[in-house]
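Heads up: the structure comes next, in structure tokens.
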Amino acid sequence: AQSVTQPDIHITVSEGASLELRCNYSYGATPYLFWYVQSPGQGLQLLLKYFSGDTLVQGIKGFEAEFKRSQSSFNLRKPSVHWSDAAEYFCAVAAARAGSYQLTFGKGTKLSVIP
Amino acid sequence: DVKVTQSSRYLVKRTGEKVFLECVQDMDHENMFWYRQDPGLGLRLIYFSYDVKMKEKGDIPEGYSVSREKKERFSLILESASTNQTSMYLCASSLRQGLKDEQYFGPGTRLTVT
Chain A
1 AQSVTQPDIH ITVSEGASLE LRCNYSYGAT PYLFWYVQSP GQGLQLLLKY
51 FSGDTLVQGI KGFEAEFKRS QSSFNLRKPS VHWSDAAEYF CAVAAARAGS
101 YQLTFGKGTK LSVIP
Chain B
116 DVKVTQSSRY LVKRTGEKVF LECVQDMDHE NMFWYRQDPG LGLRLIYFSY
166 DVKMKEKGDI PEGYSVSREK KERFSLILES ASTNQTSMYL CASSLRQGLK
216 DEQYFGPGTR LTVT
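Top to bottom, those sequences are chains A and B.
Residue 42 in our numbering sits at position 42 of the first sequence; the count goes up by one each step and never skips.
Residue 159 in our numbering sits at position 44 of the second sequence; the count goes up by one each step and never skips.
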């Protein structure tokens, strides 16, 4: 069965600093990977996704992620964090199930930003 | 823009009550999903539906049922609410059954069972 691990429960960074959120996945076939963000009191919004091709994918709000098959990782990065990036971030892997598919989410990483 | 709406943002119910959570999407999506979100546990799939009147169990279906009578509407039912069902419930939809299809999420319903 597929699984996603986000090793960091909570990360605090200063505004303007760089950011890397870690994600490791376990899936037997070619993974389809996603990063979602959840701002306080809101639903989840897709930041970016990886299906194939270039292993560095660009997303919205200045985020990017790099797929590394050898490390089973899909880490999210941003070169300079803004206070509005404070939110919870979820990594997910898609897998086929019962004629359809489902997303399996990691437990999330909460990001706090110090002004 | 795709819009997924949920009938309530906050809901307080008593133990033993029957609870309905409603979700509506306006983009003719085939798939709809119900998740619950708990601190430290992330999102866990309760049920999903890939067509009208079709449903599949997710990872934690116990204590829940669902109904999809119309394509745009997907209801989550707690037959007899219990305190351990206090949680944030998120609905999502996606266009087709492909692995690549993005899921669009509603704002969530925070349910408290007392």
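No residue lacks a Cβ here, since even glycine has one placed at the ideal position from N, Cα and C.
Measure the C-alpha to C-alpha separation of residue i and residue j and round it to an integer number of angstroms.
i	j	result
Phe51(A)	Lys215(B)	7 Å
Val4(A)	Met147(B)	22 Å
Pro7(A)	Trp35(A)	15 Å
Cys23(A)	Arg211(B)	26 Å
Ala65(A)	Leu160(B)	25 Å
Arg77(A)	Leu21(A)	6 Å
Ser208(B)	Gln140(B)	7 Å
Val127(B)	Val93(A)	33 Å
Val13(A)	Ala86(A)	9 Å
Arg183(B)	Met142(B)	16 Å
Ala95(A)	Val81(A)	31 Å
Counting only C-beta atoms, is residue i closer than 8 Å to chain B at any point?
i	result
Gln2(A)	no
Leu46(A)	yes
Phe51(A)	yes
Gly28(A)	no
Tyr25(A)	no
Gly16(A)	no
Run down chain C in chain order and give the residues with a C-beta less than 7 Å from the C-beta of residue i.
i	result
Gln218(B)	This model lacks chain C altogether, as its protein chains are A and B.
List the residues that DSSP assigns as beta-bridge partners of residue i.
i	result
Arg188(B)	Val139(B), Lys185(B)
Ile11(A)	Leu111(A)
Tyr162(B)	Trp149(B), Lys172(B)
Cys206(B)	Trp149(B)
Leu103(A)	Ala94(A)
Ser123(B)	Answer by DSSP bridge pairing: none, since Ser123(B) is not bridged.
Lys49(A)	Phe34(A)
Are any of the Cβ atoms in chain A nearer than 8 Å to that of residue i?
i	result
Pro222(B)	yes
Leu226(B)	no
Phe163(B)	yes
Leu158(B)	yes
Asp155(B)	Note on residue identity: the sequence assigns Gly, not Asp, to residue 155(B). Answer yes: the Cβ-Cβ gap between Gly155(B) and chain A drops below 8 Å somewhere.
Query - Residues in the segment 71 to 92 of chain A having any Cβ partner in chain B nearer than 7 Å - result: Close to chain B, meaning a Cβ-Cβ distance shorter than 7 Å, are the following residues of the segment 71 to 92 of chain A: Phe90.
Query - Residues of the segment 53 to 68 of chain A with Cβ closer than 9 Å to any Cβ of chain B, in chain order - result: Against chain B - using a Cβ distance shorter than 9 Å - the segment 53 to 68 of chain A contributes no residues.
Query raised in the report: Closer than 9 Å, Cβ to any Cβ of chain A: which residues of the segment 174 to 194 of chain B, in chain order?
Result: Hits within the stretch, in order: Asp174.
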